[in-house]
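I have placed the structure first, in the form of structure tokens, so that the comments after it can refer back to it.
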Amino acid sequence: MTATPQSSSAEGDDEPKSIDLDTNTHLGGTATAPANNSYSDEDFLVSFTGDDDPRSPRSMAPARKWLIVTIMATTSLCVACTSSLYSATYGQIEKEFHVSPTVATLGLSLFVFGLGLSPMILAPLSEFYGRKWIYVLSTFSFVIWLIPCAVATNIETLIVARFFNGLAGAAFLSVAGGTVGDLFTRESLQAPMMLYTASPFLGPELGPVIGGFINYNVKWQWSYYVLLIWSFAQFIAICLLVPETYHPVLLRQEAKKLRKETGDSRYYASIEKMDRSLTQTLIRSCYRPFLLLALEPMCLFLCLFTAVLLGVLYLFFGVFGVIFQNNHGFNLWQVGLCFLGIAVGMIVGVCTNPLWHKNFMRLLKEHQAKTGIPGSSEPEFRLPPAIGGAPLVTIGLFWFGWTTYSSIHWIVPIIGSAVFGAGVIIVFSGIWTFLVDAYPLYSASALAANSFTRSVFAAAFPLFGSPMYENLGYQWASFLLSMITLVLAPFPYIFYRWGAQIRAKSKYAGGK
Numbered sequence: 028m029t030a031t032p033q034s035s036s037a038e039g040d041d042e043p044k045s046i047d048l049d050t051n052t053h054l055g056g057t058a059t060a061p062a063n064n065s066y067s068d069e070d071f072l073v074s075f076t077g078d079d080d081p082r083s084p085r086s087m088a089p090a091r092k093w094l095i096v097t098i099m100a101t102t103s104l105c106v107a108c109t110s111s112l113y114s115a116t117y118g119q120i121e122k123e124f125h126v127s128p129t130v131a132t133l134g135l136s137l138f139v140f141g142l143g144l145s146p147m148i149l150a151p152l153s154e155f156y157g158r159k160w161i162y163v164l165s166t167f168s169f170v171i172w173l174i175p176c177a178v179a180t181n182i183e184t185l186i187v188a189r190f191f192n193g194l195a196g197a198a199f200l201s202v203a204g205g206t207v208g209d210l211f212t213r214e215s216l217q218a219p220m221m222l223y224t225a226s227p228f229l230g231p232e233l234g235p236v237i238g239g240f241i242n243y244n245v246k247w248q249w250s251y252y253v254l255l256i257w258s259f260a261q262f263i264a265i266c267l268l269v270p271e272t273y274h275p276v277l278l279r280q281e282a283k284k285l286r287k288e289t290g291d292s293r294y295y296a297s298i299e300k301m302d303r304s305l306t307q308t309l310i311r312s313c314y315r316p317f318l319l320l321a322l323e324p325m326c327l328f329l330c331l332f333t334a335v336l337l338g339v340l341y342l343f344f345g346v347f348g349v350i351f352q353n354n355h356g357f358n359l360w361q362v363g364l365c366f367l368g369i370a371v372g373m374i375v376g377v378c379t380n381p382l383w384h385k386n387f388m389r390l391l392k393e394h395q396a397k398t399g400i401p402g403s404s405e406p407e408f409r410l411p412p413a414i415g416g417a418p419l420v421t422i423g424l425f426w427f428g429w430t431t432y433s434s435i436h437w438i439v440p441i442i443g444s445a446v447f448g449a450g451v452i453i454v455f456s457g458i459w460t461f462l463v464d465a466y467p468l469y470s471a472s473a474l475a476a477n478s479f480t481r482s483v484f485a486a487a488f489p490l491f492g493s494p495m496y497e498n499l500g501y502q503w504a505s506f507l508l509s510m511i512t513l514v515l516a517p518f519p520y521i522f523y524r525w526g527a528q529i530r531a532k533s534k535y536a537g538g539k
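Just so we're aligned, residue 28 is where the sequence shown starts under my numbering, counting upward by one.
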């Protein structure tokens, strides 16, 4: 499963504005009164004095910050790997529980569906209670729900446990992106964010590789024993090594400390002045993503594009086995290795990021020279990666489909899948950043809408993937998928060209 970076920007007018300088608190947390004895409400606002404030997570030693990011990335990798590793157990599950391939696939579909539902609840909870306890409880729940998966004696238990497993693991594909932003400044954010965002993309490809070796040699339950060991190790690492990093919650803790030490109840953090309740926030978090999908064509069509791409990716988890076993006689672990083509393609796609960043800076410089406004930008400048990656997706699927003949060497369709993988991650990077910039006040809702649509498609596509490939044939089924992506490919360019006019008429988009 893919990762959705959590936006740090507020939605609407609900999030209090923070003040960069707190004149009343020493770095150690003690208080001093204003010299003129004239007090205002802002005199008692507790905030960081800057990124080098010892209380700020951004002042941590670089090694510690990278350790935290690595823990977040590997936990995200574990969750994403769990989603697809299940596909390597299909054969044994169908025989042991006497179920059809479609019923067995439900374990994959419901896991991914759970990944899409949970962020709508977890993201607002993290705003109130911080990220640390969300991670601890989510990882603990993730470990717990792996246990019934490992000991299941019927398909019903396995499928239900997989759904709750997905719900529990979603925090690391949604909230964890915010932790990276908590730790690093905007100027130094690119490298750690690249590490974090790459891990959930690579996880689904590693799942069949790991699962193929396990299930070829031992019973399917060992897949979950391995995941239990891995996820429990992540749980221990999070408990011991990952601190709270969410700035508003840290400042609230500091304000409470000052009130206790000084006996002055006027000290406060901006989060304590919020005029919304947790219930209001949860309700808004649940309905606003659907509002954007219904009323915002840019959000709708770009979310559909990414949803189709992820749907095709998860469809491949069932289809690769059919194709490479029938055409080339591959066994289970050999089929798993075939997914390394997509993984390599995605790594290559990630490596193109500096080129797209250079193009973005060029557009930015030209725009600022044209407008004469320093620092001015347009959300559409984020879309060139999606414009460039879209043809790769279609070409990769076309290449893959028409080389799935037994007479053609197996490496040829795998190269096609690598082209597809490169296109997928490039498209995702452009669309994600565009949604954040185009909907600055509602970016969390825009990303939640994207996460939900992707999860719905990723859950649905595997259910009809294998029957479609068997009925239409490997070549025509892949051709159909490539044509669907071809229909959606122009939308990034359309919004790049006419996005400003569309945003001018929008109630929710920024830059009007």
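C-beta: ideal position from N, C-alpha, C; glycine also. None of these values were measured; they are calculated from a predicted model.
Worksheet item: Hey, how far is the Cα of G416 from the Cα of E405?
Response: The count along the sequence shown starts at 1 and reaches residue 416 at position 389. The count along the sequence shown starts at 1 and reaches residue 405 at position 378. G416 and E405: Cα-Cα distance of roughly 20 Å.
Worksheet entry | alpha helix (DSSP H) runs wholly inside the stretch 291-349, at least 4 long, in chain order | 305-322
Worksheet item: Buried or exposed: where does C266 fall if 16 or more other Cβ atoms within 10 Å of its Cβ makes it buried?
Response: Position 239 of the sequence shown, counted from the first residue, corresponds to residue 266. Exposed: under 16 other Cβ atoms inside 10 Å.
Item to complete: Ignore the nearest five residues each way along the sequence and tell me which others in C330's own chain have a CB closer than 7 Å to its CB.
Response: Indexing the sequence shown from 1 puts residue 330 at position 303. Closer than 7 Å at Cβ, skipping near neighbours: L320, A476, N477 and T480.
Worksheet item: How many angstroms separate the CA atom of S250 from the CA atom of A177?
Response: Your numbering for residue 250 matches position 223 in the sequence shown. Your numbering for residue 177 matches position 150 in the sequence shown. Going from the Cα of S250 to the Cα of A177 covers about 8 Å.
Worksheet entry | Assigned exposure category for H274 - 16 Cβ within 10 Å defines buried | Counting from one through the sequence shown, the residue named residue 274 turns up at place 247. Per the 10 Å Cβ criterion, buried.
Discussion item. Check for me: the alpha helix (DSSP H) holding S509 runs from which residue to which?
Written reply: Residue 509 sits at position 482 when you count from the first residue of the sequence shown. Y501 to L515 is the span of the alpha helix (DSSP H), which, as asked, contains S509.
Worksheet item: When DSSP labels each residue in this structure, what does L200 get in the three-state scheme?
Response: Locating residue 200 in the sequence shown gives position 173, counting from the first residue. In this structure, L200 counts as helix in the three-state DSSP scheme.
Fill in: Rounded C-alpha distance that separates K283 from Y295
One-based indexing of the sequence shown puts residue 283 at position 256. One-based indexing of the sequence shown puts residue 295 at position 268. Each residue's alpha carbon lies about 8 Å from the other.
Practice prompt. Give every residue of the same chain whose Cβ lies closer than 7 Å to the Cβ of G348, excluding the five residues on either side of it in the sequence, and list them in chain order.
Written response: Within the sequence shown, residue 348 is the residue found at index 321, counting from 1. Contacts found: V362.
Worksheet item: Roughly how many angstroms separate the alpha carbons of N354 and F228, rounded to a whole number?
Response: Position 327 of the sequence shown, counted from the start, is the residue given in the question as residue 354. Position 201 of the sequence shown, counted from the start, is the residue given in the question as residue 228. Going by the C-alpha atoms only, they are around 27 Å apart.
Fill in: For S403, the nearest candidate out of G141, F387, G450 and L410 (CA to CA)
In the sequence shown, the residue the question calls residue 403 occupies position 376. S403 has its Cα closest to that of F387, out of G141, F387, G450 and L410.
Discussion item. Comparing C-alpha positions only, which one of V163, L210, R189 and W247 sits nearest to E123?
Written reply: As a position in the sequence shown, residue 123 is number 96, starting the count at 1. The residue with the shortest Cα to Cα distance from E123 is W247.
Practice prompt. Identify, in the order they occur along the chain, each residue of the same chain with its Cβ nearer than 6 Å to the Cβ of T57, setting aside the five sequence neighbours on each side.
Written response: The residue given as residue 57 occupies position 30 in the sequence shown. In this prediction, T57 scores a pLDDT of 38, lower than 50, which makes its location untrustworthy; no coordinate-derived value is stated.
Fill in: CA-to-CA distance, A413 to V420, given in whole angstroms
Residue numbering aside, residue 420 sits at position 393 when the sequence shown is read from its first letter. Residue numbering aside, residue 413 sits at position 386 when the sequence shown is read from its first letter. Whole-angstrom Cα-Cα distance: 10 Å.
Worksheet item: Does the beta-carbon of I298 have 16 or more other beta-carbons within 10 angstroms, so that it is buried, or is it exposed?
Response: Within the sequence shown, the letter at position 271 stands for residue 298. Buried.
Fill in: Cut-off 7 Å between Cβ atoms - residues of its own chain near L309, not counting five sequence neighbours on either side
Within the sequence shown, residue 309 is the residue found at index 282, counting from 1. The residues are I148 and P151.
Item to complete: Assuming D209 and T166 form a contact by the criterion Cβ under 8 Å, report the distance between their Cβ atoms to the nearest whole angstrom.
Response: Position 182 of the sequence shown holds residue 209. Position 139 of the sequence shown holds residue 166. In fact, because the Cβ distance is near 18 Å, the residues do not count as touching under 8 Å.
Worksheet entry | Where L133 sits in the DSSP three-state scheme | Translated into the one-based positions of the sequence shown, residue 133 becomes position 106. DSSP places L133 in helix when its eight states are reduced to three.
Worksheet item: So what's L72 in DSSP terms, helix, strand or just coil?
Response: Residue numbering aside, residue 72 sits at position 45 when the sequence shown is read from its first letter. Residue state, collapsed to three classes: strand.
Item to complete: Would you check if the distance between the CB atom of F140 and the CB atom of A486 is smaller than 7 Å?
Response: Counting from 1 along the sequence shown, the entry for residue 140 is found at position 113. Counting from 1 along the sequence shown, the entry for residue 486 is found at position 459. Cβ atoms of F140 and A486: closer than 7 Å.
Worksheet item: Does the distance from the C-beta atom of L327 to that of V451 stay below 7 Å?
Response: Taking the first residue of the sequence shown as position 1, residue 327 is located at position 300. Taking the first residue of the sequence shown as position 1, residue 451 is located at position 424. No; because the gap between Cβ atoms is not below 7 Å, this pair is not in contact.
Item to complete: Report yes if the C-beta distance between G134 and L185 is below 7 Å; otherwise report no.
Response: Reading the sequence shown from its first residue, position 107 is the one you call residue 134. Reading the sequence shown from its first residue, position 158 is the one you call residue 185. Closer than 7 Å, so yes.
Discussion item. Can you list, in chain order, the residues of its chain with a C-beta nearer than 7 Å to that of Q528? Leave out the 5 residues immediately preceding and following it.
Written reply: Translated into the one-based positions of the sequence shown, residue 528 becomes position 501. The answer is none, since no qualifying residue turns up.
Worksheet item: Can you give the Cα-Cα distance for F75 and M99, rounded to whole angstroms?
Response: For the purposes of this step, residue 75 is identified with residue 48 of the sequence shown, where counting begins at 1. For the purposes of this step, residue 99 is identified with residue 72 of the sequence shown, where counting begins at 1. Cα to Cα, the separation comes out at about 25 Å.
Discussion item. Assuming contact is defined by CB atoms lying nearer than 7 Å, are L424 and S505 in contact in what I supplied?
Written reply: As a first step, residue 424 must be located in the sequence shown, where it is residue number 397. As a first step, residue 505 must be located in the sequence shown, where it is residue number 478. A contact, by the Cβ cut-off of 7 Å.
Practice prompt. Within 10 angstroms of the Cβ of N64, are there 16 or more other Cβ atoms? Answer buried if so, exposed if not.
Written response: To locate residue 64, count along the sequence shown from 1; it is residue 37. Because the pLDDT at N64 is just 46, under 50, the model does not fix this residue reliably, and the value given afterwards should be weighed accordingly. Counting Cβ neighbours within 10 Å, N64 comes out exposed, since fewer than 16 surround it.
Worksheet entry | Per-residue burial, Q307 [other beta carbons within 10 Å of its own, 16 or more giving buried] | On the sequence shown, position 280 is the one that residue 307 refers to. Flag for Q307 reads exposed.
Item to complete: Report the rounded CA-to-CA distance for F211 versus L277, giving the unit in angstroms.
Response: For the purposes of this step, residue 211 is taken as the residue at position 184 of the sequence shown. For the purposes of this step, residue 277 is taken as the residue at position 250 of the sequence shown. Cα to Cα, F211 sits roughly 16 Å from L277.
Fill in: Backbone secondary structure at D464 - three-state DSSP
By one-based count along the sequence shown, residue 464 stands at place 437. Helix, per DSSP.
Item to complete: State yes or no: is the C-beta of C365 within less than 7 Å of the C-beta of I453?
Response: Here residue 365 refers to the residue found at position 338 of the sequence shown. Here residue 453 refers to the residue found at position 426 of the sequence shown. Taking 7 Å as the Cβ cut-off, C365 and I453 do not qualify as a contacting pair.
Item to complete: Could you name each continuous alpha helix (DSSP H) segment of 4 residues or more that falls completely within the stretch 85-172, going from the start of the chain to the end?
Response: 89-112, 117-124, 128-144 and 146-156
Item to complete: Put A445 into one of helix, strand or coil per three-state DSSP.
Response: The residue given as residue 445 occupies position 418 in the sequence shown. Three-state DSSP puts A445 in a helix.
Fill in: Helix, strand or coil at G399 [DSSP, three-state]
On the sequence shown, residue 399 is found 372 positions in, with the first residue counted as 1. In the structure shown, G399 sits in coil (DSSP, three-state: anything other than H, G, I, E or B).
Worksheet item: In whole angstroms, what is the alpha-carbon distance linking S45 and F155?
Response: Here residue 45 is taken as the residue at index 18 of the sequence shown, counted from 1. Here residue 155 is taken as the residue at index 128 of the sequence shown, counted from 1. With a pLDDT of only 37 at S45, under the threshold of 50, the placement of this residue in the model should not be trusted, and no figure is reported.
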